[in-house]
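In my numbering, the protein residues as written are 221 to 384.
Pasting the structure below:
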């Protein structure tokens with residue numbers, strides 16, 4: 221049986237949830253902007269600056285925001301009478317968020333953080349740099365787009381709008 225959450229506590233948790241979701245999405249969009257700019261860097265130093273910026277955004281904004289969004293979302297679900305399984309859109313949102321977290325933690329973040337220009341640039345493999353850049357751009361775009369769809373699902377709450 222899910223526990224009830226006091227109204228004020230729920231409001232604070234919802235605010236934390238939305239702020240952290242905005243941080244997660246904003247970090248993803250910032251990385252997409254950096255990847256757009258990093259597609260044709262003017263030398264090794266600029267490429268290295270892009271890589272360091274991407275790593276900092278991931279470590280300092282996306283990772284904590286994703287964790288806080290997930291934790292606050294789980295606590296919000298737990299505090300409602302219907303819990304995690306009462307509405308299909310909540311169950312779908314939990315599933316997709318889990319997939320995004322696993323994809324981000326095990327594949328996207330390590331790939332972007334290993335987007336090491338010095339490894340390619342100094343050895344003359346700029347084409348390898350561009351392939352690595354393209355992979356990161358596609359994966360980050362996919363991650364951010366799916367995250368935006370999850371937000372749309374949260375806002376629209378499709379089951380609420382259906383006629384029974």
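Just so it is clear, CB atoms sit at the ideal spot from N, CA and C, and this is done for glycine as well.
Short Cβ contact (8 Å threshold) for residue i with residue j
{"i": "residue 237", "j": "residue 326", "result": "no"}
{"i": "residue 203", "j": "residue 255", "result": "Lying before the first or after the last residue shown, residue 203 is absent from the chain, which here runs from 221 to 384."}
{"i": "residue 353", "j": "residue 293", "result": "no"}
{"i": "residue 251", "j": "residue 332", "result": "yes"}
Assigned exposure category for residue i - 16 Cβ within 10 Å defines buried
{"i": "residue 305", "result": "exposed"}
{"i": "residue 301", "result": "exposed"}
{"i": "residue 272", "result": "exposed"}
{"i": "residue 235", "result": "exposed"}
{"i": "residue 365", "result": "exposed"}
{"i": "residue 276", "result": "exposed"}
{"i": "residue 376", "result": "exposed"}
Residue from the options with nearest C-alpha to residue i
{"i": "residue 389", "options": "248, 227 and 355", "result": "What the structure shows of the chain is the stretch from 221 to 384, and residue 389 is not part of that stretch, so it cannot be assessed."}
{"i": "residue 373", "options": "309, 347 and 354", "result": "309"}
{"i": "residue 289", "options": "241, 283, 324 and 233", "result": "241"}
{"i": "residue 229", "options": "299, 351, 319 and 253", "result": "299"}
Inter-residue CB distance, residue i and residue j (contact presumed, cutoff 8 Å)
{"i": "residue 367", "j": "residue 244", "result": "6 Å"}
Residue i CB to nearest heavy atom of the ligand GTP below 7 Å
{"i": "residue 322", "result": "With respect to the ligand GTP, the structure shown offers nothing to examine, as it has no ligands at all."}
- Task: Take every Cβ of the segment 309-317, pair it with every Cβ of the segment 261-270, and state whether three or more of those distances are shorter than 8 Å.
- Result: no
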